[in-house]
Amino acid sequence: MSESTLFTKLKSKEAKGICILIMFIHHLFAFPDRLDNVFNTDYLVRLGQEFGIIVGLYVFISGYGLAIKPLSLKDGTDRIVKLWLSFCFVFFIFIPIGFCLGVYKFELKEFFENLFFISSSYNHEWCFFSLYVQLIVISTLLSLIKDKQQLFVILCILLILSVIIKKFDFGTTLLGLRIYFSVFLLSYITCKYGLFEKADVLLSKIVSPNLIRGLICFISAIVISKKFGDANFLAFFFWFLGFSYFTVRPFFSKMFCFLGKHSVNMWLVHTFYCYYYCKNIFIFVSNPLLAFMVLLLLSLMTSIAIEYIKDRLRCLKIYFS
């Protein structure tokens, strides 16, 4: 699959940067009881809850990226190992701090379950990483199917089944996959079969300006997410198609790409600050905009420091090759 003419690599990087900001808003304001109700106002809670789509947004980006080229067993394994090493770097910095502060009690079984993505009891917001590993494994298996027509039929069947299995409980280990499998499959199909481009051809027959096309997509996404129940996963297609029509000004594009580069680290560390170790800072700040900026600054500076240390270790050939 060649690079999309709409959802390009640049757009993907910008989207990751925007998504991490959405995540911060969701975690700061959607659960007011976790910050002693200091941000417990209707409009903030509503805003935070609306941004609960964040995991679905990341799943769509992930599925799209995994579908760009076939994954061999080695490719899939390398991705999982690289993700796990990045995870370990944060894990072995922040979790021992939690032991020292008394936030966690050391139990060997729980320790290794968290270390290997089996559990996220140390930080519940880490549950996406086990889901991402599952998506890599599925993508690797799908890559074994070389015939594009056969693959399309199988993906469509799986998509129908994914809507059905949402109604069943398979335990917490597969909870994320059960909820977001349909989003992943839709993004995978979108990339493999150029659905963005096909939709663009249809929209171009209706309206010409990209601005209008983007607004139509955003309105469609809102309507689908609110009115279509089990089919609401289709909204993510329109969120990203709509975003593809907008040109981000160079300054903001660079800013979003920079945040996107650090988004994995920022995802891993930000809830340690606002939920587990430093939540009194945000309770003291009390101003929602200032709290958001503090969380962004703490998380970004931590990520920059982590990447700096990784670079030094690479030079010593201790860490990533």
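The sequence shown maps to residues 612 to 932 in the working numbering. All C-beta atoms, glycine included, are put in the ideal place defined by N, C-alpha and C. Please read all numbers here as calculations on a predicted model, not as lab measurements.
Counting other Cβ atoms within 10 Å of its Cβ, Lys-627 reaches 16 or more and is therefore classed as buried.
Of the residues Tyr-886, Leu-762, Phe-642, the one whose Cα lies closest to the Cα of Tyr-654 is Phe-642. Distance from the CA atom of Phe-829 to the CA atom of Leu-907, rounded to whole angstroms, is 26 Å. Between Gly-825 and Tyr-856, the beta carbon gap of about 4 Å places them in contact (Cβ cut-off 8 Å). His-873 carries a coil assignment under DSSP once its states are collapsed to helix, strand and coil. Closest by C-alpha distance to Ile-691, out of Ser-773, Leu-900, Met-866, Leu-742, is Leu-742.
Secondary structure of Thr-858 (DSSP, three-state): coil.
Every alpha helix (DSSP H) stretch that sits fully inside the segment 791 to 824 and reaches 4 residues is listed by chain position as 806 to 815. With respect to Phe-671, Phe-807 sits apart: the two C-beta atoms are not nearer than 7 Å. His-638 sits buried, since 16 or more C-beta atoms from the chains shown fall within 10 Å of its C-beta.
Pairing Ile-920 with Met-877, the inter-Cα distance amounts to about 15 Å. Given a length threshold of 4 residues, each whole run of the alpha helix (DSSP H) inside the segment 717 to 787 is given here in chain order: 719 to 726, 738 to 753, 759 to 776.
Excluding its 5 nearest sequence neighbours in each direction, Leu-677 has C-beta neighbours in its own chain below 6 Å: Ser-750, listed in chain order. According to the DSSP assignment, Gly-628 belongs to the alpha helix (DSSP H) that extends over 620 to 640.
Here DSSP, grouped into helix, strand and coil, assigns Phe-893 to helix. In the displayed model, Thr-616 falls within coil according to three-state DSSP, outside both helix and strand. Shown here, Asp-686 sits in a helix according to DSSP, grouped into three states.
Ranked by Cα distance from Gln-745, the options Gly-687, Phe-883, Asn-651, Leu-901 are led by Gly-687. DSSP places Phe-844 outside both helix and strand once states are collapsed to three, so it counts as coil. Around the C-beta of Pro-899, 16 or more other C-beta atoms lie within 10 Å, and the residue is accordingly described as buried. Annotation: Ile-915 to Ile-636 spans about 21 Å, alpha carbon to alpha carbon. Excluding residues up to 5 positions away in sequence, Cys-699, Phe-702 lie with their Cβ nearer than 8 Å to the Cβ of Leu-726 in the same chain.
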